[in-house]
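Participant: One structure, as C-alpha cells, below. Some questions next.
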Amino acid sequence: MWRVLGLLIAGMLAWLLLSNLSNPAASTEVAENPVAEPDDFARILYPDDNPTSAAGLDLGRRLFYDKGLSANGTVSCASCHRPELAFTDGLPLAMGIEGRRSTRNVPGLTNIGYNHFSLFWDGRSPSLEEQALHPLTDPNEMGGHWPDILDYLRADGEYVSAFSVAFDLSDDVEITPELVGRALAQFQRSLISHQSKYDRVLRGEAEFTAQELRGWAIFFDRAEEGGEFVDLPTAECAHCHAAPHFSNQQFFNNGIDQAPQLTEFADPGRGGVTGSVSDNGMFRTPSLRNVALTAPYMHDGRFTTLEEVLEHYNQGGEYAPNRSPNVRPLGLTKQDKADLLVFLQTLTDEQFIQQQITDARQVGYELEIKK
Amino acid sequence: MPRILTLFLLSFTVLFLGCPNDDDDSVAGEATVEVNFRALFGGEDLQLFSERYDYEANDTRLLITLFQFYVSDLQLVPTDGGEPITLTEIELVRWNESSDPATLSFSYPDIPEGSYTVRFGLGVKRELNDKNPNEFAADFVLNENEFWNEMARYVFTKIEGNAELEGDDLFDTPLSYHIGKNDFYVTLDYPNATIDVSAELNNDIDFTVDVERMMVANATTFADFTNEDTRIVHNPNSPVSAQLWANLQQAILLIR
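Shown next, in the form of C-alpha cells:
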C-alpha cells in the first residue's frame with residue numbers, strides 16, 4: 003500500500019522536477035564552470051567539494067598574485083610562479099621572502115589541473131587544494147602565519163565580498179585557510195595550455211618542419227614501428243614524459259646523482275615522504291609543456307639549458323640501483339639532439355603565456371626580471 | 015525554491031519506498047568476490063627495488079622495479095551454462111612502488127551466489143584498445159600513461175629492472191620490456207576449477223604470476239641480458255616480445 007502510494011507521488015514529483023529543469027529561470031542556482039577544456043585531453047577531475055566557478059577562479063587569481071599574503075608583503079605565489087616563464091622563476095632554487103632559498107626548483111604550473119595524483123617534486127601533497135597552502139606559511143617561501151593572513155583578507159572589503167560570492171559566506175569569519183586553498187586550486191585548474199605547435203599539428207592545423215618531425219619521432223621512439231622512421235634512434239623520453247601532458251605523474255630516479263648505496267642521496271626526494279630507502283633519489287616526472295621557458299631544469303635546477311638535459315640523458319646518467327632502466331646511454335648524435343631540441347620547442351604555447359600575462363596584469367602583476 | 019521543495023518531497027517519497035527493505039544492506043543471494051593477483055619471483059613474493067634475485071644465467075642477479083599487465087573482461091562463467099558475469103571490463107594489475115604488497119586485490123560486490131569458472135582476457139581487448147585515452151575519465155585505468163601512440167596503442171605488459179652481470183654488486187644493466195598489440199590479446203580460461211560464490215563463504219579467487227617464469231621459458235630458453243637488443247625491447251614485433259608474452263600466459267596460475 004505504502005509502496006503504491008509512494009510510486010504515485012514519486013511520479014508526480016519527478017514530472018514537477020523535470021518541468022523545473024526545463025525552465026531556465028529555475029536553473030540559475032548552479033554555477034557554471036567557466037574553464038573550457040579541449041577535447042584532446044581527458045577531462046579534469048574536479049573535486050566534489052570544490053567545483054570551479056567564475057567567482058572562485060577570479061578570487062584564486064587575485065590571491066595568487068597578491069604579495070600581501072606573505073609575511074612582509076614582498077612575495078606572492080607569482081613571485082616564483084611567473085606567467086611569462088610558464089609559471090616558473092628562472093632560478094635554480096626557489097627564492098622566498100628576504101631572499102631565502104628553498105631546496106628545490108620551482109615546478110611549472112602548465113596543465114597542473116590534469117595532475118590528479120600527488121604534487122611537489124616529492125609528491126608530499128595529495129591535491130591542489132592542500133598543496134596551495136604550503137608556500138603561504140613555509141618560512142623559506144612566503145613565510146606567513148594564518149592568523150595574520152586571515153586578518154589581512156578579512157580587513158579587505160573586496161576580498162570579503164569575493165569570498166562571500168565564491169563560497170556563499172555570510173560572515174567574514176567564515177574565511178578560512180581551506181577556502182584560500184580552494185580558490186587558489188580553482189585558479190590553477192584554469193591554467194590549460196593546448197595551443198602549442200605540437201597541439202596544432204595533432205589537430206591538423208599546422209605541420210612540423212622536417213627537423214621537428216625527426217625530433218618528434220626520436221622523442222616518441224617511432225623507429226619501433228618501422229616505416230619512415232626506422233633508422234632513427236629511440237630516446238625513450240615518452241616512457242615518463244607521456245603525452246598529452248608530457249608527464250606520467252610518477253616518481254623515478256633519472257640518474258642525476260651517483261648513489262651505489264641508496265642512503266647516499268643528498269636529497270632523498272620521494273623517499274623522504276614514503277620513508278622507503280628504495281624511493282630515495284626519486285622525483286616526480288615534470289611536465290614538458292612550455293619546457294623551453296622553464297629553465298633551469300631538474301629538482302635542484304642544476305642544468306641551465308635543455309642542451310645540458312639532453313646530454314645528461316644521452317650519457318645514461320649516474321649509477322644507483324634504483325635508476326630507471328629507461329635512463330641508459332642513447333647514442334644520440336649532435337643532429338639527433340638538435341632535432342629533439344626543436345621538437346621540445348614546439349611544446350611552447352605563446353597564446354597561453356600571453357593570455358596569462360594579460361590576466362595577471364589585470365590584477366596588478368608586473369613583469370620583473372630576477373637575477 | 016520550487017525545485018528545492020520538489021527535491022525535498024521526492025526524497026521523502028523515496029524514503030517511503032525504501033522503508034520495506036531498508037534493513038537490508040545487501041541483497042539476499044549476492045556476495046562480494048575478491049580477485050587476488052600475487053606476484054612472485056621464483057616462487058617467492060615479489061619485492062620491488064629491494065630484493066636481489068638470482069637469474070637463470072650464471073652469476074646474473076636481478077632487481078625488479080616494475081611489473082604490470084592489463085586484464086580485460088574478467089568474467090565468472092556459470093557452470094550451469096548461464097550468461098557470464100563480467101566483474102570488470104578492464105583492470106591494470108601493477109606493481110611499481112617499493113611499498114606495493116605482493117598481492118594486489120580487486121573487489122567486486124553484488125555477485126549472485128552460484129558455481130562458476132573464471133576467465134579473462136590478457137591485455138587490452140580490441141574494443142578498448144581502439145579508443146584513445148582522452149575518451150576515458152582521467153582516473154580510468156587506460157589513462158595511466160600506458161598509451162604508446164595512435165599506431166601501437168596500449169602497452170599490455172611491462173617488466174623493468176636492473177641486472178648485475180659482472181658479479182660486482184652493481185645493478186647497472188637496464189632491462190625494459192614493453193609488450194602488446196592486438197594480435198597478442200588472448201583469453202585465459204580455467205574451466206576445470208569451480209568457484210562457489212556464497213554469502214557464507216570467503217569468495218577469494220587467487221592467481222599467482224611469477225615474473226621469473228615470464229622471463230624463463232625453460233633452462234635453455236630465457237631472456238638474454240647480455241645484448242642490448244634483447245634486454246631493451248619496446249617493439250611488439252620483436253621475437254623477444256612474442257616469447258615473453260607466451261611465457262606470461264604460462265606464468266599466471268589459478269590457485270583457487
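The listed protein sequences correspond, in order, to chains C and B. Take the first sequence: its position 69, counted from the start at 1, is 71 in the working numbering, and no numbers get skipped. Take the second sequence: its position 214, counted from the start at 1, is 228 in the working numbering, and no numbers get skipped. Each residue gets a CB set at the ideal place from its N, CA and C atoms; glycine is no exception. On a predicted model such as this, the values are computed, not experimentally measured, just so you know.
So D354/C is in the alpha helix (DSSP H); what residue range does that whole segment cover?
Facilitator: Looking at the sequence provided, one finds Phe at residue 354/C rather than Asp. First-last of the alpha helix (DSSP H) with F354/C: E352 to Q364.
Participant: Taking contact to mean at least 3 C-beta pairs separated by less than 8 Å, is the region 339-354 of chain C in contact with the region 42-52 of chain C?
Facilitator: Judged by Cβ distances under 8 Å, the region 339-354 of chain C makes no contact with the region 42-52 of chain C, as fewer than three pairs qualify.
Participant: Using 8 Å as the limit for Cβ to Cβ distance, is F354/C near chain B?
Facilitator: No, no contact with chain B.
Participant: In this structure, does DSSP put T117/B in helix, strand or coil?
Facilitator: In the structure shown, T117/B sits in a strand (DSSP, three-state: E or B).
Participant: Would you say P323/C lies against chain B (beta-carbon separation less than 8 Å)?
Facilitator: So yes, P323/C belongs to the interface.
Participant: Using the beta-carbon of each residue, which ones in chain C are nearer than 7 Å to P253/B?
Facilitator: Within chain C, no residue comes near P253/B; the closest Cβ sits about 14 Å away, beyond 7 Å.
Participant: Using CA coordinates, which residue listed in A57/C, E227/C, D201/C and S172/C is at the minimum distance from K195/B?
Facilitator: Answer by Cα proximity: E227/C.
Participant: Can you pull the DSSP bridge partners for S127/C?
Facilitator: In DSSP, S127/C forms a bridge with L121/C.
Participant: For G271/B, decide whether its Cβ has a neighbour in chain C, counting only Cβ atoms nearer than 8 Å.
Facilitator: Outside the shown range of chain B (15 to 270) lies residue 271/B, about which nothing can therefore be said.
Participant: Tell me which residues of the region 55-78 of chain B have at least one Cβ-Cβ distance to chain C shorter than 8 Å, keeping chain order.
Facilitator: Those would be L62, F63, S64 and L77, in chain order.
Participant: Using the C-alpha atoms, what's the distance from D173/C back to E132/C?
Facilitator: Taking the straight line from one Cα to the other gives about 23 Å.
Participant: Considering only heavy atoms of the ligand SAM, does any lie closer than 7 Å to the CB of D68/C?
Facilitator: You won't find the ligand SAM in this model; it holds no ligand whatsoever.
Participant: Residues of chain C with a CB under 9 Å from the CB of N143/B: which are they?
Facilitator: Those within 9 Å of N143/B in chain C number zero; the least Cβ separation is about 15 Å.
Participant: List the residues of chain C that A152/B touches, going by C-beta distances under 9 Å, in chain order.
Facilitator: Here the neighbours are F43, A44, R45, I46, L47, Y116 and H118.
Participant: Note down, in chain order, all residues in the region 264-285 of chain C with a beta-carbon under 7 Å from any beta-carbon belonging to chain B.
Facilitator: For the region 264-285 of chain C, which is checked against every Cβ of chain B, the residues closer than 7 Å are T276, S278, S280 and D281.
Participant: For I173/B versus V225/B, is the C-beta spacing smaller than 8 Å?
Facilitator: It is a contact, given that the beta carbons lie within the stated cut-off.
Participant: Going by C-alpha to C-alpha distance, which of D203/B, D68/B and F170/B sits closest to E180/B?
Facilitator: Considering only alpha carbons, the answer is D68/B.
Participant: Go through its chain and collect everything with a Cβ distance to D150/C's Cβ below 8 Å, but skip five positions before and after it.
Facilitator: So the qualifying residues of the chain are A73.
Participant: Where does L181/C fall in DSSP's three states?
Facilitator: L181/C falls in the helix class under three-state DSSP.
Participant: Applying a beta-carbon distance threshold of less than 7 Å, which residues of chain B neighbour D223/C?
Facilitator: The answer, in chain order, is H248.
Participant: Along the region 324-336 of chain C, where does the CB come closer than 8 Å to a CB of chain B? Name the residues.
Facilitator: Cβ contacts with chain B come from N324, R325, S326, P327, N328, V329 and R330.
Participant: Whose Cβ in chain C lies nearer than 8 Å to the Cβ of F185/B?
Facilitator: Those are P323, listed as they occur along chain C.
Participant: Using beta carbons (cut-off 8 Å, strictly below), is N250/C in contact with chain B?
Facilitator: Closer than 8 Å to some Cβ of chain B, the Cβ of N250/C qualifies, so yes.
Participant: Am I right that A177/B and L258/B are in contact with their C-beta atoms under 8 Å? What's the rounded C-beta distance?
Facilitator: With 8 Å as the limit, A177/B and L258/B do not qualify as a contact, their Cβ atoms being about 15 Å apart.
Participant: Would you say M228/B faces chain C, with C-beta separation under 8 Å as the test?
Facilitator: So no, M228/B is outside the interface.
Participant: Kindly indicate which three-state DSSP category Y367/C falls into: helix, strand or coil?
Facilitator: In this structure, Y367/C counts as coil in the three-state DSSP scheme.
Participant: Using a Cβ-Cβ distance under 8 Å, would L268/B count as near chain C?
Facilitator: Chain C, which has no Cβ nearer than 8 Å to the Cβ of L268/B, makes this no.
Participant: Tell whether a beta-carbon distance below 8 Å holds between S112/B and F63/B.
Facilitator: Yes, the pair counts as a contact, with Cβ atoms nearer than the cut-off.
Participant: Report the option in F305/C, F221/C, G229/C and E214/C whose CA atom is closest to the CA atom of I258/C.
Facilitator: When each option's Cα is compared against that of I258/C, the closest is F305/C.
Participant: Relative to the alpha-carbon of I219/B, which residue among P123/B, E44/B, N50/B and E127/B has its alpha-carbon at the smallest distance?
Facilitator: The option with the nearest alpha carbon to I219/B is N50/B.
Participant: Less than 8 Å between CB atoms is the rule here; does A244/C satisfy it with respect to chain B?
Facilitator: Chain B, which has a Cβ nearer than 8 Å to the Cβ of A244/C, makes this yes.
Participant: Could you tell me whether the Cβ of E226/C comes closer than 8 Å to any Cβ of chain B?
Facilitator: Closer than 8 Å to some Cβ of chain B, the Cβ of E226/C qualifies, so yes.
Participant: Taking only the alpha-carbon atoms, compute the straight-line gap between Y191/B and S255/B and give it to the nearest angstrom.
Facilitator: Whole-angstrom Cα-Cα distance: 8 Å.
Participant: My assumption, with CB atoms under 8 Å, is that F170/B sits in contact with G137/B. Please give the rounded CB distance.
Facilitator: Their Cβ separation, rounded to whole angstroms, is 4 Å, which keeps F170/B and G137/B in contact under 8 Å.
Participant: In the DSSP assignment, find the unbroken beta strand (DSSP E) run with P205/B in it and report its ends.
Facilitator: V200 to V211 is the extent of the beta strand (DSSP E) around P205/B.
Participant: Taking buried to mean at least 16 other C-beta atoms within 10 Å of its own C-beta, is I266/B buried or exposed?
Facilitator: With 16 or more other Cβ atoms within 10 Å, it is buried.
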